[in-house]
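Q: First residue of the sequence shown? That's 1 in the UniProt record's numbering, and the numbers climb one at a time after it.
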Amino acid sequence: MRIELSSEELATSRFAVSPLFELMGVLRVLSGMSRGYPAQSWIRRLTPVYDELRRDAGFGVLLALQGGAYNASFITPPPHSMAQTFADDLAAVRATPLTLAREEIRRCSRTRPVTDSGVRGMLASAEIVSLVVDALEHAWERLLAPDWPRIRSAYERDVTAHGAMLGRAGWAKTLNDLHPRIRWQQGGIELARCAPDQRLTPSRGLLLVPSAFVWPGLAVYADDPWPCTLVYPAGHRSAFASEGGDRASALARLMGRTRARLLHELREPTTTSQLAAGLSLSVGAVGDHLAILHQAGLVDRSRAGYRVLYRRTSLGESLVAAMPSAPG
Numbered sequence: 001m002r003i004e005l006s007s008e009e010l011a012t013s014r015f016a017v018s019p020l021f022e023l024m025g026v027l028r029v030l031s032g033m034s035r036g037y038p039a040q041s042w043i044r045r046l047t048p049v050y051d052e053l054r055r056d057a058g059f060g061v062l063l064a065l066q067g068g069a070y071n072a073s074f075i076t077p078p079p080h081s082m083a084q085t086f087a088d089d090l091a092a093v094r095a096t097p098l099t100l101a102r103e104e105i106r107r108c109s110r111t112r113p114v115t116d117s118g119v120r121g122m123l124a125s126a127e128i129v130s131l132v133v134d135a136l137e138h139a140w141e142r143l144l145a146p147d148w149p150r151i152r153s154a155y156e157r158d159v160t161a162h163g164a165m166l167g168r169a170g171w172a173k174t175l176n177d178l179h180p181r182i183r184w185q186q187g188g189i190e191l192a193r194c195a196p197d198q199r200l201t202p203s204r205g206l207l208l209v210p211s212a213f214v215w216p217g218l219a220v221y222a223d224d225p226w227p228c229t230l231v232y233p234a235g236h237r238s239a240f241a242s243e244g245g246d247r248a249s250a251l252a253r254l255m256g257r258t259r260a261r262l263l264h265e266l267r268e269p270t271t272t273s274q275l276a277a278g279l280s281l282s283v284g285a286v287g288d289h290l291a292i293l294h295q296a297g298l299v300d301r302s303r304a305g306y307r308v309l310y311r312r313t314s315l316g317e318s319l320v321a322a323m324p325s326a327p328g
């Protein structure tokens, strides 16, 4: 596949995150539709919750609308910015016209007939949009909401790092860094092993969406209402690094659990607020610990616009490399 990008389209390209799109990624992983597995311990933790939810017809509606040759787009509105919230996504779903929802449901049913009578009844209801909203809200609270601050922080760190790369080296190097199958060549993006005869010509710029649930592959969306979108793997390691339990590493015993966790989290240039969100700490506490790590020569800091980015020094890298287990 080739995505043709003019200079104007490239200028309007941007990064964005959709919590609801990530929830659909969770469902694909837990249902076995996707091979983009994050930590196995995370899957083991959520599988009993998923099995319980599957007994509910409302949850069955969500599964019926995803995972086949055609997926209903009204339950996954396209992301528009890095600031998008689950409430924003839910409001977009709630505003779906009933005629559009029914047309997409018919298309899903043609490619993947629904056998459960309870699910069929809900799909035929005049209240289907409200039923979908309720099911999405319940699935979100049970499956993704508890982990979302940590996962979102991992995506923000990835976008911060790629934004800094964009400023230093330009679009070609930044796009090439997203995935081994992505290559910038002669005014466009070449995607290896992806519909080789297909050419896309975006008219609304390119949307770049980090996701922990597409690894090791990537995904392309080009059908309305989505702009041309490239979903690339990010955060599949850092977002689930603490899933191994509360084992205390030698690094944590040496320097204290919190500072060890901070040092471990600094895989990419990261702001104080991103670290605080990812580790559920106050910004002030993180700032105090970073000051100590900076004085010890384990982290360095630099300014990117109005943000101060922290990163591990070579000494910090060596210390973490010698103690690879993530502190619990």
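Where is the CB? At the ideal position from N, CA and C, for every residue including glycine.
Of all the options L10, G25 and A11, which has the alpha carbon lying nearest to the alpha carbon of V17?
A: Checked all of L10, G25 and A11; the closest Cα to V17 is G25.
Q: At 4 residues or longer, and completely inside the UniProt domain "HTH arsR-type" (250–324): list those alpha helix (DSSP H) runs for me, N to C.
A: You should have 250–255, 257–265, 272–279, 283–295 and 314–322.
Q: Answer yes if the stretch 267–284 comes into contact with the stretch 304–312, meaning at least three C-beta pairs across the two stretches below 8 angstroms, and no otherwise.
A: Taking 8 angstroms as the limit for Cβ pairs, the verdict is that the stretch 267–284 does touch the stretch 304–312.
Q: If we count Cβ pairs, one from each stretch, closer than 8 angstroms, do we get three or more for the stretch 64–78 versus the stretch 214–231?
A: Segments in contact, yes.
Q: Considering Cα atoms alone, identify which of E4, A83 and L98 is closest to P19.
A: The residue with the shortest Cα to Cα distance from P19 is A83.
Q: DSSP has R204 in a bridge; who is on the other side?
A: Note: R204 sits in no beta bridge, so no partner.
Q: Kindly list the residues whose CB is nearer than 6 angstroms to the CB of R14, restricted to its own chain and excluding five residues on each side of it in sequence; keep chain order.
A: Correct list: empty, nothing qualifies.
Q: In terms of residues, what are the limits of the alpha helix (DSSP H) holding T99?
A: Here the alpha helix (DSSP H) through T99 covers L98 to T111.
Q: When we look at the beta-carbon of V49 and count the other beta-carbons within 10 Å, is it buried (16 or more) or exposed?
A: The residue in question, V49, is exposed, as its Cβ has fewer than 16 Cβ neighbours within 10 Å.
Q: Tell me which residues share the same chain as A285 and place their Cβ nearer than 8 angstroms to its Cβ, disregarding the 5 neighbours each side in the sequence.
A: Once the five neighbours on either side are set aside, the close Cβ partners of A285 are T258 and A276.
Q: Applying the criterion that 16 or more other CB atoms from any shown protein chain within 10 Å of the CB defines a buried residue, is E9 buried or exposed?
A: It counts as buried.
Q: Taking the runs of the alpha helix (DSSP H) that are 4 residues or longer, which of them lie wholly in the stretch 19–98?
A: Runs found: 19–31, 40–53, 57–64 and 86–94.
Q: At what residues does the beta strand (DSSP E) containing W148 begin and finish?
A: Premise fails: W148 lies in the alpha helix (DSSP H), W148 to A169, not in any beta strand (DSSP E).
Q: Give me the Cβ distance between M122 and V220, rounded to the nearest whole Å; I'm assuming they're in contact under 8 angstroms.
A: M122 to V220, Cβ: 31 angstroms. No contact.
Q: Please go through the same chain and pick out, in chain order, the residues whose beta-carbon is closer than 7 angstroms to the beta-carbon of G235, but skip the five residues on each side of it.
A: I151, A154, Y155, D158, P210 and A212.
Q: Tell me whether P196 is buried or exposed, calling it buried when 16 or more other Cβ atoms sit within 10 Å of its Cβ.
A: Exposed.
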